[in-house]
Each structure stands twice: as C-alpha cells, then as structure tokens.
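Encoded as structure tokens, the structure appears first; notes follow it.
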Amino acid sequence: DTGVSQDPRHKITKRGQNVTFRCDPISEHNRLYWYRQTLGQGPEFLTYFQNEAQLEKSRLLSDRFSAERPKGSFSTLEIQRTEQGDSAMYLCASSSGRINQPQHFGDGTRLSIL
Amino acid sequence: QKEVEQNSGPLSVPEGAIASLNCTYSDRGSQSFFWYRQYSGKSPELIMFIYSNGDKEDGRFTAQLNKASQYVSLLIRDSQPSDSATYLCAVNPSNQAGTALIFGKGTTLSVSS
C-alpha cells in the first residue's frame, strides 16, 4: 500500500494558462475524489469517480474544470483558462467504496496563479 | 444546505492535558463521521472515524458520537506539542457507500510545552 500519489506537488502558472494534475489512488480503491482547499477553510468537494464513471460533480466545478479517470485507475483534473481564484490546494482522496470506510488523502497539489 | 460547524480556535492546552474538540452537523441522516489532522501546508491525515453512537477509543484519541444531538467530538489525552495542528471534522451525509464528505473549517489546536 503506497498511499495516494499526486503530481505535481506545486504548480505556478500565469493567469489564462491551462494546468493538469494527476492522482494515483491506493491500488485496491475503486472510489476517487477531488477536493479543493483554500486557506482557513476545510476541503470542498469537486467531483468523484467509481472506477471510470464520474458519479457526482459539485456546482463548484465550473465548465473550465474537467476530470477524467479513463481506465478506472489514475485520474486527471484539468483547469482551463486559469483565474486568480483558482489558487488553492487540490486534494485527491481514494476509498474502497464500502459503506463507512474512510477516504485517504494524497499530499495535494498546490496551485498558484500569478 | 448541509453544514458542519467547528469552533476555529485556537484551542490552547498545556502539554499533558486533555484537548476536547467539538463538531456539530446539520443533516440528521448523516451516517459516518471522520476526524482528520492537518499540519500547516500538509494534506489531511485520518485520525479516527465513528458511525455508532457512543465512544470509540484508539490510543490517546477518543471519538464520541451523539446522533440525537447531532454532535461529534474528539478527545486527545496526554496532549503533546506534536499534536499541534488543525483538526478537521468530516461527515458523510448519506447512507450510501463512498459519497463525498462535508468538512468543517477545522479547529486549530496549540499544545504548549
């Protein structure tokens, strides 16, 4: 069990650029979640997958955001035309999907928009 | 709107004391409850989870759940300076497996030596 892995750990980009983050869940977990966290706030849900199916998207996930999990393993989160307000920590978590089982987080990707 | 409320703190306790962290939630149908610890600049780390009324103990940590009062707490006994962090309460608002968690804003704990 190597834990949830996220890449990159840090991303600095100019406003208007596109960015893509990757998440590799714990290998036996079929549920994968994306959250966003800003300073002083708890993580806010963005979207989640069961295997390759995207089951729920938050209203926070504007049309500039897209997430995929094409083979039911790793996932990518892309933000197009980044804005200052996108600066945050993007967290990925995974779980087994069994009822009451916890979600385990990766180290996160910190995005800074110049 | 489903909400999870925590006192932001900071909660300051001396080393060796008991720290008590509290959380209330709005959705009476919530089924499972999680406590995460988050050090500054790091990601949340699972401490404990509970889904039955009563107490659950793990080492120095005890989670307490009262569904009738919609209240969950975390007690840390023999607090250590290394326990200084933000503690996030998270709630699964559904009786379905594996849905998104709703987090509180967290309580900052400071343990002084």
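Here the protein sequences come in this chain order: A and B. Add 1328 to the 1-based position in the first sequence for our numbering, that's all there is to it. Add 12 to the 1-based position in the second sequence for our numbering, that's all there is to it. Idealized CB from N, CA, C, for every residue including glycine.
For residue i, the three-state DSSP class (helix, strand or coil)
{"i": "S1333 (chain A)", "result": "strand"}
{"i": "Q1345 (chain A)", "result": "coil"}
{"i": "S52 (chain B)", "result": "coil"}
{"i": "P93 (chain B)", "result": "helix"}
{"i": "G1413 (chain A)", "result": "helix"}
{"i": "H1338 (chain A)", "result": "strand"}
{"i": "F1402 (chain A)", "result": "coil"}
{"i": "I30 (chain B)", "result": "coil"}
{"i": "L113 (chain B)", "result": "coil"}
{"i": "E57 (chain B)", "result": "strand"}
{"i": "Y99 (chain B)", "result": "strand"}
{"i": "E15 (chain B)", "result": "coil"}
Pairwise C-alpha distance: residue j and residue i
{"i": "L58 (chain B)", "j": "T1410 (chain A)", "result": "31 Å"}
{"i": "G1434 (chain A)", "j": "S32 (chain B)", "result": "27 Å"}
{"i": "T1375 (chain A)", "j": "R1359 (chain A)", "result": "11 Å"}
{"i": "S44 (chain B)", "j": "S38 (chain B)", "result": "13 Å"}
{"i": "S122 (chain B)", "j": "S91 (chain B)", "result": "10 Å"}
{"i": "K10 (chain B)", "j": "P1430 (chain A)", "result": "Outside the displayed range of chain B (13 to 125) lies residue 10 (chain B), so it cannot be described from this structure."}
{"i": "E1406 (chain A)", "j": "N1346 (chain A)", "result": "7 Å"}
{"i": "R89 (chain B)", "j": "G1344 (chain A)", "result": "49 Å"}
{"i": "F61 (chain B)", "j": "S85 (chain B)", "result": "11 Å"}
{"i": "G1370 (chain A)", "j": "N19 (chain B)", "result": "12 Å"}
{"i": "S106 (chain B)", "j": "L1389 (chain A)", "result": "21 Å"}
{"i": "I1441 (chain A)", "j": "D1335 (chain A)", "result": "17 Å"}
{"i": "V16 (chain B)", "j": "G1368 (chain A)", "result": "15 Å"}
{"i": "G1413 (chain A)", "j": "L1439 (chain A)", "result": "10 Å"}
{"i": "V25 (chain B)", "j": "A102 (chain B)", "result": "23 Å"}
{"i": "D95 (chain B)", "j": "S1401 (chain A)", "result": "34 Å"}
Test: residue i CB closer than 9 Å to a CB of chain A
{"i": "Y63 (chain B)", "result": "yes"}
{"i": "Y51 (chain B)", "result": "no"}
{"i": "V16 (chain B)", "result": "yes"}
{"i": "E69 (chain B)", "result": "no"}
{"i": "S85 (chain B)", "result": "no"}
{"i": "I30 (chain B)", "result": "no"}
{"i": "K2 (chain B)", "result": "No answer is possible for residue 2 (chain B): it lies beyond the span of chain B, which begins at 13 and ends at 125."}
Short CB-CB distance (under 9 Å) between residue i and chain B
{"i": "E1411 (chain A)", "result": "no"}
{"i": "I1354 (chain A)", "result": "no"}
{"i": "Q1382 (chain A)", "result": "no"}
{"i": "S1440 (chain A)", "result": "no"}
{"i": "E1396 (chain A)", "result": "no"}
{"i": "N1406 (chain A)", "result": "Reading off the sequence, residue 1406 (chain A) comes out as Glu, not Asn. No, E1406 (chain A) does not count as interfacial toward chain B."}
{"i": "Q1431 (chain A)", "result": "yes"}
- Task: Take every Cβ of the stretch 1395–1402 of chain A, pair it with every Cβ of the stretch 1412–1431 of chain A, and state whether three or more of those distances are shorter than 8 Å.
- Result: no
- Hey, is the stretch 71–84 of chain B in contact with the stretch 48–58 of chain B, meaning 3+ C-beta pairs nearer than 8 Å? no
- Task: Taking 8 Å as the threshold, find out whether the stretch 18–35 of chain B comes into contact with the stretch 1378–1385 of chain A through three or more Cβ pairs.
- Result: no
- Message: Restricting to runs no shorter than 3 residues, where is the beta strand (DSSP E) found entirely within the stretch 1362–1397 of chain A?
- Response: 1372–1378, 1381–1385, 1393–1396
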